[in-house]
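Note sheet for the following structure.
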Amino acid sequence: MKNDYLLLTPGPLSTSDAVRQAMLKDWCTWDDEYNKDVVEVIRQKLVSLATKQHGYTSVLMQGSGTASVEATIGSVIGKNGKLLVVDNGAYGARIAQIADYLNIPCHVISPGETSQPDLNEMEKVLATDSSITHVAIVHCETTTGMLNPIERISTFAKQHHKTVILDAMSSFGGIPMDIAELGIDYMISSANKCIQGVPGFGFVIAKQSELEQCKGQARSLSLDLYDQWHCMEVNHGKWRFTSPTHTVRAFYQALIELEQEGGIAARYQRYHTNQTTLVAGMRSLGFEPLLNDEWHSPIITSFYSPTHSDYQFKEFYDRLKAQGFVIYPGKVSNAECFRIGNIGEVYPADIERLIVAVEKAMYWKVR
Ligand SMILES: *Cc1c(COP(=O)(O)O)cnc(C)c1O
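If you're matching positions, the sequence shown starts at 1 in full-length UniProt numbering and goes up one per residue.
Right, here's the structure in full:
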């Protein structure tokens, strides 16, 4: 079965035929063939993709990526804890919203969607508010495509002995990093982003000595990160409640394909070439990216919408879809834009075809 169009969206994204084929079998969640040979292998592979150092473990969690973020925020921050979070987009804002829902005190740094956080301001907050226990930051803010300066933030968070939580949802698997070297205690991502699986679960890679201290802290039963991890540890890959078996098996195949491609470094190169090809091609047609070039991730790029009065996103979208490409609407509150993703089963030649299609779809130019 072939797809009629390529998804140029930041997840769910275009997957390979083999990933989709892997979902055609049913699995028993009590059987070793599933728990030991699929789930446990995935857990180990995830840890080794995240760091070369020892002492890290992983937990898989049902739901979309947000469920894993909520599980982490709700399980790892103690009763007297307080969170410092950077909000420069929808996903940073969502972390603050989760803290609010769960009645967790939270200090929000809000530089705006097109700026990076003021590191001096963050350091000052950490130095003066000793009640802060945890710092949360989004790696690639998918709202704009902004890559946040996680290394510097993590370094001074660690100097102040804070636990660091990273939402690397849209970057893990697509941008090389070693979370132990970065000082990250919890890193969150999901199946349907740069690993190129299908949606259905998220995962957290955690410093084990930190996670072990979180027993009984969760503010939700289903989203108890510690208990989920403990069950998987003790029962060799058993999920507490029904696991999304087909999605998990597809994810296993996606991990094999990541290895076959040459690992995260090779995938990063492909995404990076996709992104630079995209920006050069779009600029040649008169489009401008929202962000400064040095802040761009290879994951997704926001472009200003044309200012021509005939332009409407829906018509532009439909004309691209008819040519085999699906793009994403903008998500920035103070600027009209649209977004094009570079991740998934997408290659530089696809981006070159896209640029030709965009030129044909610019109906406002010919009217
Ligand atoms: C995709 C994404 C999420 C999770 O979104 P879901 O819709 O819940 O899967 C969280 N943070 C970032 C940065 C993302 O890109």
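Here a beta-carbon is modelled for each residue, glycine too, at the ideal position from N, C-alpha and C.
- Here Tyr5 is exposed, its C-beta having fewer than 16 other C-beta atoms within 10 Å.
- Going by DSSP, Thr57 is part of the beta strand (DSSP E) stretching over 56-62.
- Look at the beta carbons and you see the stretch 82-94 not touching the stretch 288-303: under three pairs across the two are nearer than 8 angstroms.
- Around the beta carbon of Val164, 16 or more other beta carbons lie within 10 angstroms, which makes this residue buried.
- By the C-beta density criterion, Arg283 is exposed, having fewer than 16 other C-beta atoms within 10 angstroms.
- For ligand 1, a non-hydrogen atom lies closer than 7 angstroms to the CB of Asp167.
- Residue range 163-167 is occupied by the beta strand (DSSP E) that includes Asp167.
- Cβ neighbours of Leu119 within its own chain (closer than 8 angstroms, five residues either side excluded): Pro149, Arg152, Ile153, Phe156.
- Rounded to whole angstroms, the separation of the alpha carbons of Tyr34 and Leu225 is 21 angstroms.
- For Lys207, the uninterrupted beta strand (DSSP E) segment begins and ends at 201-207.
- In the DSSP assignment, Ile264 falls within the unbroken alpha helix (DSSP H) covering 263-284.
- At least one heavy atom of ligand 1 is found less than 7 angstroms from the C-beta of Ser64.
- In the three-state DSSP reduction, Val108 falls in the strand class (E or B).
- Here DSSP, grouped into helix, strand and coil, assigns Thr301 to strand.
- Shown here for Gly55: same chain residues with a beta carbon closer than 8 angstroms to its own, the five before and five after excluded, namely Ala180, Lys207, Gln208, Ser209 in chain order.
- According to the DSSP secondary-structure assignment, Arg339 is paired through a beta bridge with Ser302, Tyr328.
- Annotation for Ala136: the continuous beta strand (DSSP E) segment containing it runs 134-138.
- If only uninterrupted alpha helix (DSSP H) runs of at least 4 residues are considered, those enclosed by the stretch 2-44 are 17-21.
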